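Asks:
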Amino acid sequence: MMNNADSHRDGAVRLPAEWEHNGAVLLSWPHEHTDWAPILDEVTECFVSIASAIADEAVVVIVAPDTSVPKGLMSGHPRQDRFLYLDCPTNDTWARDFGPITVRVDGGYAVSDFKFNGWGLKFPADKDNLITSAMVRSGLIQAPRINRLGFVLEGGSIESDGEGTLLTTSTCLMSPNRNGDMSRDEIESYLKSAFGLKKVLWLDHGALAGDDTDSHIDTLARLAPGDTIVYTSTDDADDEHYDELHAMEDELKALRTPDGMPYNLIALPLPDAIYDDEGERLPATYANFLILDRSILMPSYGQVKKDLLASQILRVAFPDHEVRMIDCRPLIKQHGSLHCVTMQLPEEILSI
């Protein structure tokens, strides 16, 4: 099941767009030995909502140190055939950042296993860094594994259009505690080789208060079909994000498609400020949505007007999808949201 990272010839690798067919999503279940312990019941209820919504139309792969817990909680869902479980040690629940990044290769799929180091050595990651290899070793994933553990990369830091263009942020990828010995040109060259890319689009601006990821792109700007970018914005000049988000907007306006055309830009509202018990602002964002084959699962934050407005805007960007809202206020208490706790997988690579 093991493939060397250099075993694919040039041009044989392609990083799909998230809106391409997948059919499965990975979740890492919260437990008492994670940072969720003080609000475990609250966040578990959120995970049950997410898992239930995914299972309505796709396979849910759940990893946990003891999967009897999620098995019991999900036992009432009518599509039990859509749940797969793997007992596996975990540090936390952010599957987007430590989960396998699937690429298309000649003859099918492969899973790229990058190094996850807790967002630049901020948090423990030793167990989460081994989850992709455990999924392959167990036979749950039946696709070649490309060993890329020599390069630090989180799934939330990259966006692909499926046609050779990748969108990312310099603040994250050039963080000194990730791949600090590499220049921007070297990182770009590596990404092009690993994902079969033609072009890397870099954003140097954009940040959310309370974000631990050094500005993951999936909190700020998301690629969508038809050369579209959906992005976080605010018109409130008194908001602390105003200058950075407007600087990011100017960068987005300057980006060009491979055909030399500007992107179709669609602005999402910034949720009203939400604070934790210590008065720290939390990184609530509507850009952290998950794309399924028929639905968009969008995080909501108990802000009726803005939640509704964001859902209506996403319907414009994804006219063929239903937009379904899930209350993610529990998730942002640990500085992430819906997209952060999920990772799409092609169902074809799973042992079902």
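Residues 4 to 355 in the working numbering are what the sequence shown spells out, letter by letter.
The beta-carbon is built from N, C-alpha and C at its ideal position, and this holds for glycine as well.
These figures come from a predicted structure and were not determined experimentally.
Do the CB positions of residue 16 and residue 108 come within less than 7 Å of each other?
Replies: The answer is yes: Cβ separation under 7 Å.
Asks: My understanding is that residue 105 touches residue 348, with C-beta atoms under 8 Å, so please give their C-beta distance in whole angstroms.
Replies: 6 Å between Cβ atoms; contact.
Asks: Have a look at 228, 79, 183 and flag the residue whose alpha-carbon is nearest the alpha-carbon of residue 266.
Replies: Comparing Cα positions, the closest option is 228.
Asks: Below 7 Å between beta carbons: does that hold for residue 324 and residue 298?
Replies: Cβ atoms of residue 324 and residue 298: closer than 7 Å.
Asks: Taking DSSP as the reference, what is the three-state secondary structure of residue 57?
Replies: Helix at residue 57.
Asks: Does the Cβ of residue 113 have 16 or more other Cβ atoms within 10 Å, making it buried, or fewer, making it exposed?
Replies: The residue is buried, with at least 16 neighbouring Cβ atoms inside 10 Å.
Asks: Is it a yes or a no for the stretch 243-260 touching the stretch 174-191, going by three-plus beta-carbon pairs under 8 Å?
Replies: No, the stretch 243-260 is not in contact with the stretch 174-191.
Asks: For residue 152 and residue 124, what's the separation of their Cα atoms in angstroms?
Replies: Rounded to the nearest angstrom, the two C-alpha atoms are 15 Å apart.
Asks: What does the alpha-carbon distance come out to for the pair residue 273 and residue 326?
Replies: Computed Cα separation, rounded: 18 Å.
Asks: Just to confirm, is the Cβ distance from residue 56 to residue 28 under 7 Å?
Replies: Their beta carbons are not under 7 Å apart, which means residue 56 does not touch residue 28 by this criterion.
Asks: Please say whether residue 142 and residue 340 have beta carbons closer to each other than 7 Å?
Replies: No, the pair does not count as a contact, with Cβ atoms beyond the cut-off.
Asks: Given residue 314, which residues of its chain have a CB within under 7 Å of its CB, disregarding the five upstream and five downstream residues?
Replies: 301, 326, 328.
Asks: Three Cβ pairs or more, each shorter than 8 Å: is that satisfied between the stretch 163-175 and the stretch 79-87?
Replies: No: fewer than three Cβ pairs fall under 8 Å.
Asks: For the putative contact between residue 116 and residue 149, defined by C-beta atoms under 8 Å, what is the C-beta separation to the nearest angstrom?
Replies: The pair is a contact, with the Cβ atoms about 7 Å apart (cut-off 8 Å).
Asks: To the nearest angstrom, how far is the alpha carbon of residue 33 from that of residue 199?
Replies: About 34 Å.
Asks: Using the DSSP secondary-structure output, state which residues sit across from residue 325 in a beta bridge.
Replies: According to DSSP, which records beta bridges pairwise, residue 325 is partnered with 298.
Asks: Whole angstroms is fine: what's the gap from residue 311's alpha carbon to residue 242's?
Replies: Rounded to whole angstroms, residue 311 to residue 242 spans 21 Å at the Cα level.
Asks: Across which residues does DSSP place residue 363 in a beta bridge pair?
Replies: Outside the shown range of the chain (4 to 355) lies residue 363, about which nothing can therefore be said.
Asks: Measuring straight from C-alpha to C-alpha, what distance separates residue 222 and residue 98?
Replies: Each residue's Cα considered, the two are about 15 Å apart.
Asks: Considering residue 191, what are the terminal residues of the alpha helix (DSSP H) in which it resides?
Replies: First-last of the alpha helix (DSSP H) with residue 191: 187-198.
Asks: Can you name the start and end residues of the beta strand (DSSP E) that residue 105 belongs to?
Replies: Counting along the chain, the beta strand (DSSP E) containing residue 105 begins and ends at 104-108.
Asks: Taking the alpha carbon of residue 290 as the point to measure from, which residue in 146, 218, 201, 78 has its own alpha carbon closest?
Replies: Residue 290 has its Cα closest to that of 218, out of 146, 218, 201, 78.
Asks: How should residue 246 be labelled, buried or exposed, when 16 other C-beta atoms within 10 angstroms of its C-beta is the threshold for buried?
Replies: Per the 10 Å Cβ criterion, exposed.
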